[in-house]
Each structure stands twice: as C-alpha cells, then as structure tokens.
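A.B. asks: Residues 130 to 891 (the working numbering) make up the sequence shown, in order. C-beta: ideal position from N, C-alpha, C; glycine also. Small disclaimer: the values here were computed from a predicted structure and weren't measured.
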Amino acid sequence: MTRRTRLSQRILISVACVMLAVPAGKVLAQEGMDIPIAEKKLGQLLFDVRHNILMDTSKEAVAYINEILNRKPTADDIVNVIEDPSPDNPLQGETGLIPMLEKAEKKAGQPELNKAARQLLDYIGNAYVEVITPDAINREIERLAGEPRAHDRALERLRKWSPWSVPMMVNVLLDQGRAKLHPYIVTALPEMGRPAVEPLCEALDLPGAVDVKMIVVQTLGKIGYPHAIPYLQRLAESTDSPQLKTACQDVIKTLSRTPRNIYSGSAAKMLSQLGEAYYTDQPSLRATVVGEKVPVWQLDPAKGGVVSAKVPRKIYNEAMALRSLTRSLRLDKAQPDAIALWLSASIRLEAQLGGEPNPVAPADQPRAHYFAVLAGPSVLLRALSRAIEDDDSAVQLGIIRALNDVGIARSATAGAGALQLAMLSQDLRVRTEAARLYWPYANVRLPGTDLAVRVLCDAVAQTGEKYAIVLSSKNTEQNKTLLEQLKAAGYTKVDVAAKRQAALDLARADGAPRVDLVVFAWDGPEGGIAGLNALREDFRFRRVPTLLIASAVEATEKVVADIPMVGVIDDAATAAVITGKVTALNDKNGIIPLTADDAKTYALKSAEVLGLLALSPATAGDALQAVKPLTRALADARLEVATAAGMALGSIDQEDAQRSLAAAVLDAKAEPLRRVGLAGALEASFKRFGCKLTEDQTKALVKGACEEPDVALRVELAKAAGAGNQTAQVVDLILSPPKVAAPVAPVAPPAVPAPAPEAPKP
Numbered sequence: 130m131t132r133r134t135r136l137s138q139r140i141l142i143s144v145a146c147v148m149l150a151v152p153a154g155k156v157l158a159q160e161g162m163d164i165p166i167a168e169k170k171l172g173q174l175l176f177d178v179r180h181n182i183l184m185d186t187s188k189e190a191v192a193y194i195n196e197i198l199n200r201k202p203t204a205d206d207i208v209n210v211i212e213d214p215s216p217d218n219p220l221q222g223e224t225g226l227i228p229m230l231e232k233a234e235k236k237a238g239q240p241e242l243n244k245a246a247r248q249l250l251d252y253i254g255n256a257y258v259e260v261i262t263p264d265a266i267n268r269e270i271e272r273l274a275g276e277p278r279a280h281d282r283a284l285e286r287l288r289k290w291s292p293w294s295v296p297m298m299v300n301v302l303l304d305q306g307r308a309k310l311h312p313y314i315v316t317a318l319p320e321m322g323r324p325a326v327e328p329l330c331e332a333l334d335l336p337g338a339v340d341v342k343m344i345v346v347q348t349l350g351k352i353g354y355p356h357a358i359p360y361l362q363r364l365a366e367s368t369d370s371p372q373l374k375t376a377c378q379d380v381i382k383t384l385s386r387t388p389r390n391i392y393s394g395s396a397a398k399m400l401s402q403l404g405e406a407y408y409t410d411q412p413s414l415r416a417t418v419v420g421e422k423v424p425v426w427q428l429d430p431a432k433g434g435v436v437s438a439k440v441p442r443k444i445y446n447e448a449m450a451l452r453s454l455t456r457s458l459r460l461d462k463a464q465p466d467a468i469a470l471w472l473s474a475s476i477r478l479e480a481q482l483g484g485e486p487n488p489v490a491p492a493d494q495p496r497a498h499y500f501a502v503l504a505g506p507s508v509l510l511r512a513l514s515r516a517i518e519d520d521d522s523a524v525q526l527g528i529i530r531a532l533n534d535v536g537i538a539r540s541a542t543a544g545a546g547a548l549q550l551a552m553l554s555q556d557l558r559v560r561t562e563a564a565r566l567y568w569p570y571a572n573v574r575l576p577g578t579d580l581a582v583r584v585l586c587d588a589v590a591q592t593g594e595k596y597a598i599v600l601s602s603k604n605t606e607q608n609k610t611l612l613e614q615l616k617a618a619g620y621t622k623v624d625v626a627a628k629r630q631a632a633l634d635l636a637r638a639d640g641a642p643r644v645d646l647v648v649f650a651w652d653g654p655e656g657g658i659a660g661l662n663a664l665r666e667d668f669r670f671r672r673v674p675t676l677l678i679a680s681a682v683e684a685t686e687k688v689v690a691d692i693p694m695v696g697v698i699d700d701a702a703t704a705a706v707i708t709g710k711v712t713a714l715n716d717k718n719g720i721i722p723l724t725a726d727d728a729k730t731y732a733l734k735s736a737e738v739l740g741l742l743a744l745s746p747a748t749a750g751d752a753l754q755a756v757k758p759l760t761r762a763l764a765d766a767r768l769e770v771a772t773a774a775g776m777a778l779g780s781i782d783q784e785d786a787q788r789s790l791a792a793a794v795l796d797a798k799a800e801p802l803r804r805v806g807l808a809g810a811l812e813a814s815f816k817r818f819g820c821k822l823t824e825d826q827t828k829a830l831v832k833g834a835c836e837e838p839d840v841a842l843r844v845e846l847a848k849a850a851g852a853g854n855q856t857a858q859v860v861d862l863i864l865s866p867p868k869v870a871a872p873v874a875p876v877a878p879p880a881v882p883a884p885a886p887e888a889p890k891p
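In structure tokens, the structure reads:
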C-alpha cells in the first residue's frame with residue numbers, strides 16, 4: 130500500500146466519521162491492520178485479537194494476545210478501552226472482545242489459543258476487579274437519579290460491575306437517609322442480571338429489614354434464576370412475617386415453572402440438591418465473573434452486610450457445594466447422602482488446591498481427612514460408591530485412605546462391592562489403596578481377595594516409566610516418525626499393536642507397566658467410536674489419555690467433543706503437541722501421572738500387604754498367585770523393592786517361593802547389598818516353614834557362608850543356613866574348617882603434631 134493510498138483512505142475515513150458521527154480513532158483502530166505489532170496502541174491490539182478470532186486465524190490472535198500480556202497495561206487503561214462509550218465500539222456487544230475470548234478459550238483443537246484466551250480473560254477480569262472501588266460504585270449509584278443519559282450510563286456501568294455493585298445497592302435500600310435513590314435502585318436491581326443472584330440470596334439473611342427483603346425476593350423473581358429457590362424456601366420456612374412468607378412462596382411458584390428447576394421438598398432437601406448441582410458442575414451454576422479468582426458471597430454484618438471472599442476459580446464449585454450442604458445439614462442432620470457429599474466435596478477441593486491453603490475454611494479448621502475418618506465406614510463406603518460412579522480418582526483416593534485408617538469393621542462384607550470396583554480403577558493409587566484394605570481382615574476371606582492380590586502384584590511391578598501403546602495396522606517403519614516423537618515426549622517404553630486384542634494383551638501381561646497413553650488411527654479398521662468403546666471396556670484403558678490420529682482434525686474433534694480423555698492429532702504431530710494434548714487431558718479430567726517415587730512407594734506398600742495376606746490361613750491360598758510376580762521383583766533395580774518382594778516371598782509357604790528366593794540370594798552376579806537383604810528374607814522363610822531347598826541349593830548356601838569375601842553377606846548366609854538346620858554340613862566344616870580371609874589390620878591414623886606452646890602474655 131502506497132503512502133498516497135493510505136492518505137486517501139484516511140481522508141475518506143475522516144469524512145465518513147464526520148457524516149456518521151463515528152469517532153475517527155475507533156475506525157483507525159480497525160483500519161490499522163498493517164501497522165507493525167510493536168507500534169500498535171492497546172485499542173488496536175484488542176481489536177486485532179477480536180478480529181482474528183472472528184476470522185479463525187488463531188496464530189495471529191495468539192500473537193496479539195501475547196503482545197498485550199507482555200506490555201502489562203494498567204487496569205484503568207484496559208477497562209477504559211473496552212468500556213469506551215462510543216456507540217460503535219467493536220469491543221462491545223455479542224461479538225465483542227470478551228464473548229470472542231470466551232469462545233476461543235473453548236475452541237477444540239487449539240491448545241495455544243485456549244491458553245492465551247484464558248490468560249487474557251483472567252487479565253481483563255482482574256483489571257475490572259481492580260478498578261471497582263466503593264467510591265466508584267457509589268458515584269454510579271448517585272448518577273441513577275441524574276438526567277436520562279447519565280442514568281443509562283450509570284446503569285450500564287453498575288451492570289458491568291455486577292455482582293460487586295449489588296450489595297452496595299442493597300445497603301442504600303437500608304439507608305433511609307438516601308431514600309430518594311430507592312425507587313431507582315428497585316428498578317435497577319433486576320437489570321443486574323444473573324451475576325446478582327448469589328449476593329441477593331445472601332441478603333435474604335439480613336436481620337429484620339422485612340421491606341428490603343421483600344424487594345430482594347421480588348428482584349429474584351424478576352431475574353428468573355431457579356437456583357434461588359432453595360434460599361427462598363429457607364426464608365419461607367423461617368420468617369415470622371406472613372407477607373414475606375407469601376412473597377417467597379409466590380416467587381417459588383413462578384421460578385418452579387422454569388425448565389431448569391430441579392428443586393422440591395423442604396429447604397434442607399433443596400439446599401442438598403443445590404449442593405449436588407454445584408458438585409456436578411452444572412453449567413448454569415458456574416462462576417459468572419471472569420478472572421483467576423472469583424467471589425464467594427456471605428452475610429457479615431460486622432463488615433457492613435454482604436461481602437465477598439475471593440477464591441481460585443478452580444475450587445468455586447466445590448466451595449459453593451460445601452456452603453449449600455452445610456446449610457442443609459444445619460436444618461436436618463439426618464442426611465447421610467449429604468454428609469457423604471460434603472466429605473467428597475472437601476476432598477476434591479483440597480485435591481484441586483494441590484497443597485495451597487484453603488481460602489474458604491478457617492486457618493485452624495482440620496483437613497478433610499479428619500472429618501472423613503470421624504465419619505466412619507458406613508458414610509465413607511456410601512461416598513466411595515458415589516466417587517466410583519463419578520469416576521473421580523482424587524475423591525476415591527481420599528476416601529480409601531480414610532478407610533485404611535478406620536477399617537470397615539463389621540461392614541466389611543457389605544463394602545467389598547465398592548472396594549472391588551475401586552480395584553478396577555485405572556489409577557494405580559486408587560486400586561492399590563483399595564487392595565491394601567484387605568489385610569486387616571486377613572482372618573476372613575472377603576469377596577475380591579484374589580483380585581486384591583492381583584492388584585498388589587501389579588503395583589509391585591510398576592516403576593513409573595511412561596508407557597504408550599500405538600494401535601496401528603502399519604508396520605514399525607511406517608510408524609517410525611510417530612514413535613520417535615513419542616520417545617521425545619518422554620515415553621520410555623512404546624509398543625505397537627496391530628489389533629485391539631494385541632493392545633489388550635500387552636496391557637494385561639504379567640509385570641506390564643501402567644499404560645499412560647494410547648494412540649490409534651481414528652479412520653483405521655480398529656478406530657471410530659466402536660473401536661474406542663471396545664478398548665475402554667477394559668479398566669486399564671478407561672481413563673487413559675487417548676490420542677486419535679485423524680486426517681480431518683477439526684471434524685473429528687467435534688465428533689468426540691463429549692468423550693472424556695480423548696484428543697485428536699494429525700500424522701505430523703510433534704513431541705510438544707503430544708505433550709500438550711496429554712497434559713490438557715490429564716488436567717481437565719483430574720488425572721495425576723504416576724511418578725517414579727509414587728511407583729516405589731506403592732510397590733513397597735503392596736509387597737508388605739502381600740506378605741501379611743500370605744501369613745493368614747484364610748488368605749494364604751490367594752497369596753500363592755503372587756509367587757511369580759514377586760520372583761520377578763527380586764531382580765528389580767530398586768533395592769528396597771527387591772528386598773520387600775523377598776520378604777513377601779519369605780512369608781509364602783510354598784516350595785517355589787523359597788527356592789526362587791534362595792536362587793536370588795545365591796546369585797554371585799548380584800551386588801552384595803541386594804543379597805544381604807534377601808538372605809534375611811530367606812532366614813525368615815526357614816524359621817516359618819523349614820527348609821524346602823534343593824540339595825544343591827543347600828550346599829551352595831553353606832559354601833557361601835564359609836567363602837563369601839563380603840563379611841556382612843557371609844554372616845547373613847550363615848544365619849540363613851543355621852535357620853535351615855543344616856547339621857551335617859556343620860559337622861563336615863568342624864572336621865575340615867574353611868579358610869577364611871584374615872581380617873585386615875586397621876590402619877593407624879596419622880600422628881597429629883602437638884600444638885606449639887603459646888607465647889607468654891605480657
């Protein structure tokens with residue numbers, strides 16, 4: 130574009146602005162598409178973000194978003210640009226900036242755009258919160274009584290500031306000194322819309338103030354949001370005012386006719402239903418405020434009425450569920466389902482926080498585990514069944530850990546059904562903790578004990594390495610690029626299976642690592658919805674991140690949009706793309722990848738429980754199936770795991786178990802430290818069950834006790850041989866004593882010269 134062309138365009142734009150009363154700056158912001166990105170003003174950048182999202186050019190949109198975030202504009206600047214009152218402001222309206230960013234945040238197959246849009250939404254949300262001050266809100270409330278244009282602008286600004294503006298508007302209604310504003314506020318409150326509902330519901334708890342409560346009740350009816358019904362029902366059941374009670378009942382009738390109404394029964398029951406709706410993340414109950422942190426409202430007269438606490442968006446639903454359930458239980462304590470859901474919401478909230486302080490609980494309040502343990506097994510088993518139904522690994526794990534602390538007492542048999550389902554979880558932590566519950570009841574063979582043993586054996590074999598299975602009819606050479614990218618993404622073990630059954634066989638094989646990723650061709654013979662469902666019938670694949678290779682990525686993403694743990698890639702996917710997709714799937718579905726430390730912890734715990742089960746007459750038969758997995762674990766590179774496996778083998782009364790353990794002890798190629806630990810396990814096996822070794826093994830054991838150069842190992846071998854009661858060999862040794870290497874004389878430390886005497890002090 131030439132300089133003359135640009136000049137002509139600017140003249141035409143200026144003329145058009147005069148004729149149409151359109152601010153030239155706004156049009157130029159739209160016209161300046163050819164200005165270098167570094168030279169663009171904030172308004173131009175924001176317009177470009179919106180424009181490129183509309184045009185579906187995500188790469189450019191991400192570039193403009195990153196430029197804005199890198200500049201870190203002030204809250205005043207960014208809000209003033211977005212809120213520019215010009216009638217043609219392109220950043221406002223249904224296709225304005227914020228609606229477009231919200232659309233971009235959810236756009237399938239665009240992880241970079243999703244992340245950038247979320248970051249800019251958070252930045253804008255925080256900016257809006259920063260510029261909202263009590264003084265600013267009060268100024269706009271006063272302007273409601275001004276001339277029409279000022280009134281309209283004030284109403285629009287208060288609506289933008291909802292919900293923060295709502296409590297202050299209610300406070301004005303309580304102030305008779307500002308009575309001239311009351312008619313304007315009564316008219317304006319319904320205009321605050323959906324975001325106003327939570328603070329208005331809290332205002333129903335105001336002490337006294339029947340007239341103001343009447344206005345609030347009527348406002349909730351005009352807004353038409355059915356989730357206000359539980360609060361209105363609570364007020365109807367508790368108020369002494371017949372007029373207020375009638376008003377609540379009338380509004381409840383009106384709201385009950387809306388399609389989204391899910392409430393019935395008493396206030397306690399309705400509040401429990403509300404908690405359930407929050408817990409299950411009903412879209413109509415999600416936070417209405419953009420930003421990294423969102424408000425949770427509560428009545429606090431000491432702080433001036435209805436106030437908010439800021440909580441991370443990720444725990445908003447859980448925080449609101451806890452609040453609703455707590456209020457429900459205050460009205461009716463005899464609600465076991467509500468108690469179980471309260472525990473589940475507490476556990477999930479803490480899992481979401483990942484160790485951060487809980488902003489919706491007092492600093493001295495115990496953690497969720499305390500309440501879970503105190504609730505006892507009957508409530509915990511109820512909560513576990515629900516968590517299994519929800520497929521929520523974090524909640525399952527928290528509940529099972531509490532059960533491990535308190536046991537399941539006489540309810541054990543009744544609870545075994547839930548435990549068996551938990552042992553089919555794809556999450557190693559969940560299924561191992563569930564299997565560990567069986568050992569306190571080893572004197573009783575519960576249903577599922579054999580499954581528990583298999584789960585524990587599986588846990589002993591896990592190392593935490595990342596394992597991927599590629600389901601592909603192509604040969605290895607054709608899959609070479611994909612395999613290289615998977616290994617670059619950190620998958621240290623990758624197997625290719627031509628058929629679905631082959632993939633299942635790989636995952637089910639003895640000692641197979643946990644599957645962390647499945648990749649298969651959506652358009653291939655084993656692909657499609659049917660292929661995906663068939664693969665996920667096996668619990669090992671149910672919650673595994675699954676990447677579908679498709680030629681039409683966007684079209685396939687639309688087909689699988691509602692299927693959890695599924696992403697779509699093309700043949701050219703890089704390691705970075707694969708990692709990004711898998712991370713997003715894990716984060717979205719609450720999956721915590723298994724680390725090497727986790728794997729070792731659970732391997733040690735599992736080996737210990739296998740040994741305890743083997744020592745009980747009721748479960749010893751089940752433990753026999755652990756002999757082969759434990760024998761393989763004797764060669765585990767992790768010495769602690771190998772030793773723990775040896776101790777478990779030493780608890781099993783079977784010839785093969787003892788002989789396998791002896792073979793590992795006598796393996797001259799193994800490091801002495803490993804052999805020392807296993808020799809102790811062999812000694813324990815001899816003490817429990819006597820010697821079941823072959824004659825050659827017995828002779829080798831005695832020989833090692835005499836000739837091993839490592840003193841510590843020689844001592845342990847001698848103790849093991851003694852525990853095996855090898856009298857004949859000892860007599861032979863007495864008659865022909867073995868030659869033992871002479872001990873090395875200790876080396877004297879070097880002489881330290883005596884310190885020189887100090888010079889006499891003057």
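What are the boundary residues of the beta strand (DSSP E) that Q239 is part of?
C.D. replies: Indexing the sequence shown from 1 puts residue 239 at position 110. From DSSP, Q239 is part of no beta strand (DSSP E); its letter is neither H nor E.
A.B. asks: Looking at the secondary structure, which residues open and close the beta strand (DSSP E) in which Y596 lies?
C.D. replies: Taking the sequence shown and counting its residues from 1, one reaches residue 596 at position 467. First-last of the beta strand (DSSP E) with Y596: Y596 to L600.
A.B. asks: DSSP state of T105, grouped into three classes?
C.D. replies: An answer regarding residue 105 cannot be provided, because it is not within the stretch 130 to 891 covered by the chain.
A.B. asks: Looking only at C-alpha atoms, which of P319, V794 and E666 sits nearest to A632?
C.D. replies: Start at 1 with the first residue of the sequence shown, and residue 632 comes out as number 503. Out of P319, V794 and E666, E666 has the C-alpha closest to the C-alpha of A632.
A.B. asks: Please go through the segment 358 to 414 and give each complete alpha helix (DSSP H) segment of 4 or more residues, from N-terminal end onward.
C.D. replies: Runs of the alpha helix (DSSP H) inside the segment 358 to 414: 358 to 367, 371 to 385 and 396 to 408.
A.B. asks: CB-CB under 8 Å to A317, same chain, minus the five flanking residues each way: which ones, in chain order?
C.D. replies: Position 188 of the sequence shown, counted from the first residue, corresponds to residue 317. Same-chain partners within the cutoff: L273, L284, L287 and M298.
A.B. asks: If contacts are defined as beta-carbon pairs under 8 Å, then A749 and A743 qualify, I think. What distance do you get, rounded to the angstrom?
C.D. replies: Counted from its first residue, the sequence shown places residue 749 at position 620. Counted from its first residue, the sequence shown places residue 743 at position 614. Right, their Cβ atoms sit about 6 Å apart.
A.B. asks: In this structure, how does DSSP classify W426 when only helix, strand and coil are distinguished?
C.D. replies: For this step, residue 426 is matched to residue 297 along the sequence shown. In this structure, W426 counts as strand in the three-state DSSP scheme.
A.B. asks: Are three or more beta carbon pairs between the segment 836 to 852 and the segment 801 to 811 nearer than 8 Å?
C.D. replies: yes
A.B. asks: Along the chain, where does the beta strand (DSSP E) containing P441 start, and where does it finish?
C.D. replies: Counting from 1 along the sequence shown, the entry for residue 441 is found at position 312. P441 -> beta strand (DSSP E) spans G434 to P441.
A.B. asks: Hey, out of A774, E845 and Q826, whose CA is closest to A791's CA?
C.D. replies: Within the sequence shown, residue 791 is the residue found at index 662, counting from 1. A791 has its Cα closest to that of Q826, out of A774, E845 and Q826.
A.B. asks: Would L553 and I529 be called neighbours here (beta carbons separated by less than 8 Å)?
C.D. replies: Residue numbering aside, residue 553 sits at position 424 when the sequence shown is read from its first letter. Residue numbering aside, residue 529 sits at position 400 when the sequence shown is read from its first letter. Contact: no.
A.B. asks: Between the segment 425 to 436 and the segment 323 to 343, are three or more C-beta pairs nearer than 8 Å?
C.D. replies: yes
A.B. asks: Under a Cβ-count criterion, where at least 16 other Cβ atoms within 10 Å of its own Cβ denotes burial, should A590 be classed as buried or exposed?
C.D. replies: What you label residue 590 is simply residue 461 of the sequence shown in a count that begins at 1. A590 comes out buried.
A.B. asks: Within the same chain, show all residues whose beta-carbon is closer than 7 Å to that of K236, passing over the 5 residues directly before and after it, in chain order.
C.D. replies: Sequence index remark: in the sequence shown, residue 236 carries index 107 (1-based). So the list reads L242 and N243, once near-sequence residues are dropped.
A.B. asks: Which residues in the same chain have their Cβ closer than 6 Å to the Cβ of A627, if we skip the five residues on either side of it in sequence?
C.D. replies: Position 498 of the sequence shown, counted from the start, is the residue given in the question as residue 627. Result list for A627: S602, in chain order.
A.B. asks: Could you say which of N854, A841 and A813 lies nearest to V892 if we only look at CA atoms?
C.D. replies: Outside the displayed range of the chain (130 to 891) lies residue 892, so it cannot be described from this structure.
A.B. asks: Starting from the C-beta of K201, find all residues in its chain whose C-beta is less than 7 Å away, skip the five residues before and the five after it, and write them out in chain order.
C.D. replies: Along the sequence shown, one-based indexing puts residue 201 at 72. There are no such residues.
A.B. asks: Quick check on DSSP: helix, strand or coil for L575?
C.D. replies: Position 446 of the sequence shown, counted from the start, is the residue given in the question as residue 575. It is coil, neither helix nor strand.
A.B. asks: Assuming V647 is part of the beta strand (DSSP E), what are its boundary residues?
C.D. replies: Locating residue 647 in the sequence shown gives position 518, where the first residue counts as 1. L646 to A650 is the span of the beta strand (DSSP E), which, as asked, contains V647.
A.B. asks: Nearest CA to the CA of T383: which residue from Q411, S413, G254 and T348?
C.D. replies: Locating residue 383 in the sequence shown gives position 254, counting from the first residue. Out of Q411, S413, G254 and T348, T348 has the C-alpha closest to the C-alpha of T383.
A.B. asks: Is the segment 562 to 569 in contact with the segment 707 to 717, if contact means three or more CB pairs nearer than 8 Å?
C.D. replies: These segments do not touch.
A.B. asks: Would you call the segment 513 to 527 in contact with the segment 468 to 480, where contact means no fewer than 3 C-beta pairs closer than 8 Å?
C.D. replies: Under the Cβ criterion (8 Å, minimum of three pairs), the segment 513 to 527 counts as touching the segment 468 to 480.
A.B. asks: Compare the C-alpha of R629 against each of D639, I698, V648 and A641 and name the closest.
C.D. replies: The residue you call residue 629 lines up with position 500 of the sequence shown. When only C-alpha atoms are compared, the closest one is V648.
A.B. asks: At the level of alpha carbons, what is the spacing between A641 and L635?
C.D. replies: Within the sequence shown, numbered from 1, the residue matching residue 641 stands at position 512. Within the sequence shown, numbered from 1, the residue matching residue 635 stands at position 506. One alpha carbon belongs to A641, the other to L635, and they sit about 7 Å apart.
A.B. asks: Are A256 and I194 touching if we call contact CB-CB under 8 Å?
C.D. replies: Translated into positions along the sequence shown, residue 256 becomes position 127. Translated into positions along the sequence shown, residue 194 becomes position 65. Contact: no.
A.B. asks: Whole angstroms are fine: how far does the CA of G593 sit from the CA of Y620?
C.D. replies: Taking the sequence shown and counting its residues from 1, the one referred to as residue 620 is at position 491. Taking the sequence shown and counting its residues from 1, the one referred to as residue 593 is at position 464. If I take the Cα positions, the gap works out to 11 Å.
A.B. asks: Counting Cβ pairs closer than 8 Å, one from the segment 683 to 690 and one from the segment 712 to 721, do we hit at least three?
C.D. replies: Counting C-beta pairs closer than 8 Å gives fewer than three between the segment 683 to 690 and the segment 712 to 721, which falls short of the contact rule.
A.B. asks: With which residues is I678 paired in a DSSP beta bridge?
C.D. replies: Mapped onto the sequence shown, residue 678 falls at position 549. Answer is A650 and I698, bridged to I678.
A.B. asks: Which residue or residues does DSSP assign as beta-bridge partners of K687?
C.D. replies: Counting from one through the sequence shown, the residue named residue 687 turns up at place 558. Under DSSP, K687 shares a beta bridge with no residue.
A.B. asks: Would you tell me roughly how many angstroms separate the C-alpha atoms of A581 and L174, rounded to the nearest one?
C.D. replies: The residue labelled residue 581 in the question sits at position 452 within the sequence shown. The residue labelled residue 174 in the question sits at position 45 within the sequence shown. Cα to Cα, the separation comes out at about 59 Å.
A.B. asks: In the DSSP output, what is D624 paired with across the bridge?
C.D. replies: Taking the first residue of the sequence shown as 1, we reach residue 624 at position 495. The partner list for D624 (beta bridge, DSSP) reads I598.
A.B. asks: If L763 sits next to S789, beta carbons under 8 Å apart, how far is it from one beta carbon to the other, in whole angstroms?
C.D. replies: The residue you call residue 763 lines up with position 634 of the sequence shown. The residue you call residue 789 lines up with position 660 of the sequence shown. With a beta-carbon spacing of about 7 Å, L763 and S789 fall inside the 8 Å limit used to define contacts.
A.B. asks: Buried or exposed, going by whether 16 or more other CB atoms sit within 10 Å of the CB of T578?
C.D. replies: Here residue 578 refers to the residue found at position 449 when the sequence shown is read from its first residue. The residue in question, T578, is buried, as its Cβ has 16 or more Cβ neighbours within 10 Å.
A.B. asks: Measuring straight from C-alpha to C-alpha, what distance separates R843 and A834?
C.D. replies: Looking up residue 843 in the sequence shown gives position 714. Looking up residue 834 in the sequence shown gives position 705. The C-alpha of R843 lies about 5 Å from the C-alpha of A834.
A.B. asks: Rounded to whole angstroms, what's the CA-CA distance from L198 to A167? Just pull it up for me.
C.D. replies: Numbered from its first residue, the sequence shown carries residue 198 at position 69. Numbered from its first residue, the sequence shown carries residue 167 at position 38. C-alpha separation (whole angstroms): 13 Å.
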